[in-house]
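Novice: If you want the numbering used here, it's the position in the sequence shown, counting the first as 1, plus 32.
Glycine included, every Cβ here is placed at the ideal spot set by N, Cα and C.
Just so it is clear, the structure is predicted and the values come from calculations on it, not from any experiment.
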Amino acid sequence: MVFDEGRWKHRPLPGNAQDGGGRAGQDLAGPRRPLSLAVEARPDGRDHCVGRRKGLVGLRASARSLLGLSPHHAGQFQLFQLDLQRRPCRVQRYARTYVAAGQYRRLQSLGFEHDGVASQGQLAQGFQTHRPAGRLFVQNRTIYGSLQMSKLTEAMSRIMGSHAWGGAVFSAATLIAFGSVVHASGTVAETAPQSGHAVPADQLDGETLYKARCAACHDNAEGRTPSREVLSKNPASFILASMRTGAMVPMAEGLTLEEMTAIARAVGKADAKTDDGIDLRRIWGNSVEGTPLDAPQCSSAPTPVDLGAANQWNGWSTEKDNGRFQRKPALDVADIPKLKLKWAFQYPGSKNGQATVIGDRLFTTSMSGAVYALNAKTGCVYWRHAAEGATRTSPVIAALPEGAPAKTALFFSDFTKAAVALDAETGQQLWKTVVDDQPALQMTGSITYWDGKIYVPISSGTEAFAQIPTWECCKFRGALVALDAATGKILWKRYTTEQEPRPFKLNKAGRQMWGPSGGAIWVTPTVDEARRLIYVGTSNSYTDVPYDNSDSVMAIDADTGAVRWTVQLLADDNYIDGCWQKGKEHANCPNPLGPDFSIGAAPIYRKMADGKEFLLVGQKSGMIYALDPANKGAKIWERQLSLGSALGGIEFGTAADDGKVYAGVSDIASQAKDRGKPGLWALDIRTGEVAWNFLNAPDTKCRWNNWWCHGAFSQAISVIPGAIFAGSYDGHFRAFDTATGKIIWDVDTGTKAVTTLSGAKAFGGVMDGAGPTIAGGMVYVHSGYAGRSSESGGRDLRGTDGNILMAFSVDGK
33 MVFDEGRWKH
43 RPLPGNAQDG
53 GGRAGQDLAG
63 PRRPLSLAVE
73 ARPDGRDHCV
83 GRRKGLVGLR
93 ASARSLLGLS
103 PHHAGQFQLF
113 QLDLQRRPCR
123 VQRYARTYVA
133 AGQYRRLQSL
143 GFEHDGVASQ
153 GQLAQGFQTH
163 RPAGRLFVQN
173 RTIYGSLQMS
183 KLTEAMSRIM
193 GSHAWGGAVF
203 SAATLIAFGS
213 VVHASGTVAE
223 TAPQSGHAVP
233 ADQLDGETLY
243 KARCAACHDN
253 AEGRTPSREV
263 LSKNPASFIL
273 ASMRTGAMVP
283 MAEGLTLEEM
293 TAIARAVGKA
303 DAKTDDGIDL
313 RRIWGNSVEG
323 TPLDAPQCSS
333 APTPVDLGAA
343 NQWNGWSTEK
353 DNGRFQRKPA
363 LDVADIPKLK
373 LKWAFQYPGS
383 KNGQATVIGD
393 RLFTTSMSGA
403 VYALNAKTGC
413 VYWRHAAEGA
423 TRTSPVIAAL
433 PEGAPAKTAL
443 FFSDFTKAAV
453 ALDAETGQQL
463 WKTVVDDQPA
473 LQMTGSITYW
483 DGKIYVPISS
493 GTEAFAQIPT
503 WECCKFRGAL
513 VALDAATGKI
523 LWKRYTTEQE
533 PRPFKLNKAG
543 RQMWGPSGGA
553 IWVTPTVDEA
563 RRLIYVGTSN
573 SYTDVPYDNS
583 DSVMAIDADT
593 GAVRWTVQLL
603 ADDNYIDGCW
613 QKGKEHANCP
623 NPLGPDFSIG
633 AAPIYRKMAD
643 GKEFLLVGQK
653 SGMIYALDPA
663 NKGAKIWERQ
673 LSLGSALGGI
683 EFGTAADDGK
693 VYAGVSDIAS
703 QAKDRGKPGL
713 WALDIRTGEV
723 AWNFLNAPDT
733 KCRWNNWWCH
743 GAFSQAISVI
753 PGAIFAGSYD
763 GHFRAFDTAT
773 GKIIWDVDTG
783 TKAVTTLSGA
793 KAFGGVMDGA
803 GPTIAGGMVY
813 VHSGYAGRSS
823 ESGGRDLRGT
833 DGNILMAFSV
843 DGK
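Pasting the structure below:
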């Protein structure tokens, strides 16, 4: 190999893509700022690099991402830059070059230039026949390599203008390149991406494509390269995501999306689908598996999870009564006007779980399937778990019994129809249990943990899927499932009706229809500890066949699953999306059509100082009720706050302190000419009398100019002594005085871009779903929901802008 002529030089790229050394055209062997790197073993089996520089806190980054130590992919080496001018040791994938038989990419096009000439054949010969082995280590702040790379070593040393790798020094170089190269048998022809008339994936031979592009590595797997047997245990969507955005991007170079899909289907297992074949990944987007972390990794190990910590908000509510009342916020009302953004965390997935805080840990979830453990004060990442399906449930943390594989577990549910337990310390999966296998099953409501059990509510996407004329509507029934928290064993399951769906007519397209169907539970279960009862609210019916417990409050025995009593707030509420426009009804529309007045807010159990008990229930009808749990749910009072709509009325937003119950009113889908009366209400718990209400203008101004720009208070709300926090659809996040309703703090989360922990600029947006968390003197809230504040206007749910977790603290400190 001939590399004697010339040297590689760095050419400046746009923006902040400069190296830590500073100037363009500088020889790579020239002076650089001191940097030390080390490789350390981690419990998850992946090596992590630790980088430190004087005056800056070191950050861990996966060695696979930092140094190209991914499986030995054919014909690849990668160049990475440690950007020391921005966040310390934040790794940027700076340039790649792929060299194999019949394939060559010049570094020049990726930000580098070479004074001399090296032919494609010379490069191909050198990089194709040598495999690196070993690992890096450091001593006395100097990077050493213990890699056996033969001629590749010589080639790299010449390219870098330095000495050989075999134990020699790369002193203080911030730009590091080394190979992850294997022998590729035969010639691999490069395939240009198709345009215009691509062949559908199901018409391509994925097995032949695999043999041509992948088999040389994966059929003879060595080292970190996964074998085909290992690959076959992964969902096709994961393999596709890896080729599109993950570690396999270089190897998929030149393949069309259809070809990549065909390979993924040939190699991987079938993705989670409904019984009618709907691919949920096409709706919610690809997994985060194999993608870079969404924020810097924490530089120091966390302290053990302490369930006795004073600062915590565990799950949907601070207490099992679901009052969303933080009694010990470590935040004075007088300091609320001083709240400023401390950090912002942007991540994929268009809907999110609420932040759970335990001491210095923050846990949350995303529809990308990501489950995160962050530092609550700084936002750095301790770990990220990639679930097999989308998840939006708020994590709940609990201690496991002695002898269990972990001390504390994190529980969530995902769209693979499963409840999952992770080790809260490491993110490693402890168990996973499919709780039901009905068509269109989804997980919306968060899990409740109590007395050694977890209670999992089951919801559905039937309202949306049934708009498809060929959908066999409708077989779903809502349910509550109890599992042993330590083992994941199902203890009991209670459907919201005992009547199994049966055929009752053909739809307009001639497909069989089934009923009764509906009664989804998309609220977090509420615990009445004294009576050992679980309270849930249910959703509407989907068909003409009466559903006895739709739009109902149900009291279920926590130990046996027996139904103790039910109260139906609205009968015959039969609803499917897309049926409300006269003359445009689709094949599965029920007749008569109901208003879709589900119970979307978790019932709140409140026991007063004198022993009087109330069960407070908000409904999308705009009604709020006080029921008597001591008298089988008999009504104590009711109050109409708005005319309601299919999106509320009261959607997710109720909370209660010791004297008042608070309700956010959405009205975004109101049929009124003025689009309803969105706002926030405070009522006396005992009488239902209105203490105050705040009306938000429905025709507010937003950065996004679409139907979702509205004053709706749909997001869950949270209360501390003296103040209530509430977000609205216009992106405003406010704090109100609980006595008067006066606004004491207001921040617009959606108009101005903020700098996220990754260094990128991002917007918040529509505020809906999971609500604020207050703990340790800080306030956490998600801004952005379902892509509604993005360019797609909510039509694309696969991860869009307007989706960040914001952390506020007094003076931003």
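Determine the burial state of N266: buried for a count of at least 16 other Cβ atoms within 10 Å of its Cβ, exposed for fewer.
Specialist: Under this definition N266 is a buried residue.
Novice: Run through the region 456-500 for me and flag every whole beta strand (DSSP E) of 3 or more residues, listed as ranges in chain order.
Specialist: Qualifying beta strand (DSSP E) stretches, in chain order: 461-466, 480-482, 485-492.
Novice: To the nearest angstrom, how far is the alpha carbon of V585 from that of A284?
Specialist: Spanning the two alpha carbons is a distance of roughly 52 Å.
Novice: Does the Cβ of D843 have 16 or more other Cβ atoms within 10 Å, making it buried, or fewer, making it exposed?
Specialist: D843 is exposed by the Cβ-count criterion.
Novice: Using the Cα positions of L289 and I553, report the straight-line distance between them to the nearest angstrom.
Specialist: For L289 and I553, the distance between alpha carbons rounds to 37 Å.
Novice: Please classify E721 as buried or exposed, where buried requires at least 16 other C-beta atoms within 10 Å of its C-beta.
Specialist: It is exposed - the Cβ of E721 has fewer than 16 other Cβ atoms within 10 Å.
Novice: Closer than 8 Å by C-beta to R827: which residues in its own chain qualify, once you throw out the five before and the five after it? Chain order, please.
Specialist: Answer for R827: G819, listed in chain order.
Novice: Run the CB neighbour count on K692, radius 10 Å, all protein chains shown included, and call it buried at 16 or more, exposed below.
Specialist: Buried.
Novice: So, Q651 versus I682, is the Cβ gap smaller than 8 Å?
Specialist: Yes, the Cβ-Cβ distance between Q651 and I682 is below 8 Å.
Novice: Mind checking L727: buried by the 16 CB within 10 Å criterion, or exposed?
Specialist: With fewer than 16 other Cβ atoms within 10 Å, it is exposed.
Novice: DSSP state of M399, grouped into three classes?
Specialist: Residue state, collapsed to three classes: coil.
Novice: Per DSSP, which one or two residues make a beta bridge with E645?
Specialist: Partner(s): K639.
Novice: According to DSSP, simplified to helix, strand and coil, what is W316?
Specialist: Correct three-state label for W316: helix.
Novice: Output needed for R297: all residues of its chain with C-beta closer than 6 Å, excluding positions within five of it in sequence on either side, in chain order.
Specialist: Counting only Cβ-Cβ distances below 6 Å, and skipping sequence neighbours, we find G238, A268.
Novice: I need the straight-line Cα distance from L523 to L512, nearest angstrom please.
Specialist: Roughly 11 Å between the two C-alpha positions.
Novice: Here's the rule I'm using: 16 or more other beta-carbon atoms within 10 Å means buried, otherwise exposed. How should M857 be labelled?
Specialist: With the chain running from 33 to 845 in the structure shown, residue 857 is simply not present.
Novice: Going by DSSP, what residue range makes up the beta strand (DSSP E) through M586?
Specialist: Counting along the chain, the beta strand (DSSP E) containing M586 begins and ends at 584-589.
Novice: Return helix, strand or coil for E670, following the three-state DSSP convention.
Specialist: Residue state, collapsed to three classes: strand.
Novice: Is R827 helix, strand or coil by DSSP?
Specialist: R827 falls in the coil class under three-state DSSP.
Novice: With DSSP as the reference, label A594 as helix, strand or coil.
Specialist: Coil at A594, not helix or strand.
Novice: With DSSP run on the structure shown, which of helix, strand or coil describes I390?
Specialist: Three-state result, I390: strand.
Novice: Rounded to whole angstroms, what's the CA-CA distance from G809 to L837? Just pull it up for me.
Specialist: Rounded to whole angstroms, G809 to L837 spans 16 Å at the Cα level.
Novice: Along the chain, where does the alpha helix (DSSP H) containing G238 start, and where does it finish?
Specialist: Counting along the chain, the alpha helix (DSSP H) containing G238 begins and ends at 238-245.
Novice: If you compare alpha carbons, which of R313, V813, I631, Q329 is closest to S491?
Specialist: Per the Cα distances, I631.
Novice: For E372, which beta-bridge partners are listed by DSSP?
Specialist: First, the residue type needs correcting, since residue 372 is Lys and not Glu in the sequence shown. Partner(s): S841.
Novice: Just to confirm the assignment, what range does the alpha helix (DSSP H) spanning M292 have?
Specialist: 289-299 is the extent of the alpha helix (DSSP H) around M292.
Novice: Count the other C-beta atoms from every protein chain shown that fall within 10 angstroms of the C-beta of R313, then say buried if there are 16 or more, exposed otherwise.
Specialist: Classification of R313: buried, given that the 10 Å Cβ count is 16 or more.
Novice: Taking the alpha-carbon of Q344 as reference, which of A418, A430, P282 has the nearest alpha-carbon?
Specialist: Selected option, being the one with the closest Cα: A430.
Novice: Could you compute how far the alpha carbon of E434 sits from the alpha carbon of F765?
Specialist: Whole-angstrom Cα-Cα distance: 43 Å.
Novice: L718 lies in the beta strand (DSSP E); which residues open and close that run?
Specialist: Checking the displayed sequence, the identity of residue 718 turns out to be Arg instead of Leu. Note, R718: premise wrong, no beta strand (DSSP E); not H, not E.
Novice: State the start and end residues of the unbroken beta strand (DSSP E) segment that holds V281.
Specialist: It is not in any beta strand (DSSP E) - V281 carries neither H nor E in the DSSP assignment.
Novice: Between which two residues does the alpha helix (DSSP H) containing V262 stretch?
Specialist: Looking at the DSSP string, the run of the alpha helix (DSSP H) that includes V262 is 260-263.
Novice: Give the range of the beta strand (DSSP E) segment to which M810 is assigned.
Specialist: M810 -> beta strand (DSSP E) spans 810-815.
Novice: Could you tell me which of V811, C734, S822, N835 sits nearest to T787, measuring between CA atoms?
Specialist: Out of V811, C734, S822, N835, N835 has the C-alpha closest to the C-alpha of T787.
Novice: Inspect the beta-carbon positions of A419 and A541 and report whether they are closer than 8 Å.
Specialist: Not closer than 8 Å, so no.
Novice: In angstroms with no decimal places, state the Cα-to-Cα distance between T480 and Y487.
Specialist: Taking the straight line joining both Cα atoms gives about 5 Å.
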